[in-house]
Amino acid sequence: MQLTQNVYLVGSGEIGLSNPYDCHVYLVDGGSDAVLIDAGVGIEPELIKRNVQKFVDWHKVSRILCTHSHADHSGGSEFFQNDGKEVWISEIEADWMLNCKDDVEQALRLAKNAEAYPEDYEFKYFTPDYVLTEHENIHCGSLTIQPILVRGHSPGMFCFYIQDEDKNILFSGDSVFINGDIGLLNAPGSELHKYREDISKLSELNVDALFPGHRLFLLKNGQAHIQKAVDQLSKVFVPTTF
Numbered sequence: 005m006q007l008t009q010n011v012y013l014v015g016s017g018e019i020g021l022s023n024p025y026d027c028h029v030y031l032v033d034g035g036s037d038a039v040l041i042d043a044g045v046g047i048e049p050e051l052i053k054r055n056v057q058k059f060v061d062w063h064k065v066s067r068i069l070c071t072h073s074h075a076d077h078s079g080g081s082e083f084f085q086n087d088g089k090e091v092w093i094s095e096i097e098a099d100w101m102l103n104c105k106d107d108v109e110q111a112l113r114l115a116k117n118a119e120a121y122p123e124d125y126e127f128k129y130f131t132p133d134y135v136l137t138e139h140e141n142i143h144c145g146s147l148t149i150q151p152i153l154v155r156g157h158s159p160g161m162f163c164f165y166i167q168d169e170d171k172n173i174l175f176s177g178d179s180v181f182i183n184g185d186i187g188l189l190n191a192p193g194s195e196l197h198k199y200r201e202d203i204s205k206l207s208e209l210n211v212d213a214l215f216p217g218h219r220l221f222l223l224k225n226g227q228a229h230i231q232k233a234v235d236q237l238s239k240v241f242v243p244t245t246f
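Counting in my numbering, the sequence shown runs from 5 upward without gaps.
Here you go:
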């Protein structure tokens, strides 16, 4: 599904594009290079690959940029690595996933209790090909992708921001959703005070298209929805979560 001149939705359990447990998976086509935003849950990952091939040659896809390490966003990483793609993720998320496995497994158990994953699902731990820091831009053909660290949903969530000729785009992962909802969880690694510290980084980006990891996406006026989250996190009451 083409969303903008350079962005396609190639995976989503919610609308039946791929496995029911997948987050939204986006394809960014920079002309000479292409990347995926997130890897899905890792169940039937070939469905995501098949959808990508409807829009670009599979060999043009060089990397998967994972917003964070939760299973529905990174569980397919091993599949893509075995198919010759690099997986990039934040330094903080990589450390948490590989060195805090008790917390990772507890969060997974809580998610299974909420029926976010099948009871018999096993997360496939993976070693990232590259760990990103916040102050380095990612080049994808003619496009520049800026990682923005917004902790709170997970220890080291990255949003990815593109200033395109057509519009400003934010892939917000599970940090912020339509109507200003946030992704605060009752799980290890999710902390409200981290949200308060980082959410203001998303102010004044003039976002047109807001592409979150779940639920509806927006093609215009995305900044107004982001600002609702920023405003709510400046108040004493806990914001609405997705």
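No residue lacks a Cβ here, since even glycine has one placed at the ideal position from N, Cα and C.
A distance below 8 Å separates the beta carbons of Gly34 and Gly145. Sequence-distant Cβ neighbours of Thr148 in its own chain, meaning closer than 8 Å and more than five residues away, are Asn141, Ile142, Ile166, Gln167. Between Val39 and Ile19, the alpha-carbon positions lie close to 21 Å from each other. Between His157 and His72, the C-beta gap is smaller than 8 Å, which places the two residues in contact. DSSP links Cys163 through a beta bridge to Ile152. Counting only the Cα atoms, Asp235 lies some 11 Å from Phe241. By the criterion of a C-beta distance shorter than 8 Å, Val60 is surrounded in its chain by Leu31, Asp33, Ala38, once the five residues flanking it on both sides are discounted.
Pairing Glu97 with Pro151 gives a Cβ-Cβ distance that is not under 8 Å. The DSSP assignment places complete alpha helix (DSSP H) segments of no fewer than 4 residues inside the stretch 48–121 at 50–56, 75–78, 81–86, 95–103, 105–117, in order along the chain. Taking all protein chains shown into account, Ala118 has fewer than 16 neighbouring C-beta atoms within 10 Å of its C-beta and is therefore exposed. Here the stretch 170–186 makes no contact with the stretch 127–142; the two share fewer than three CB pairs at distances below 8 Å.
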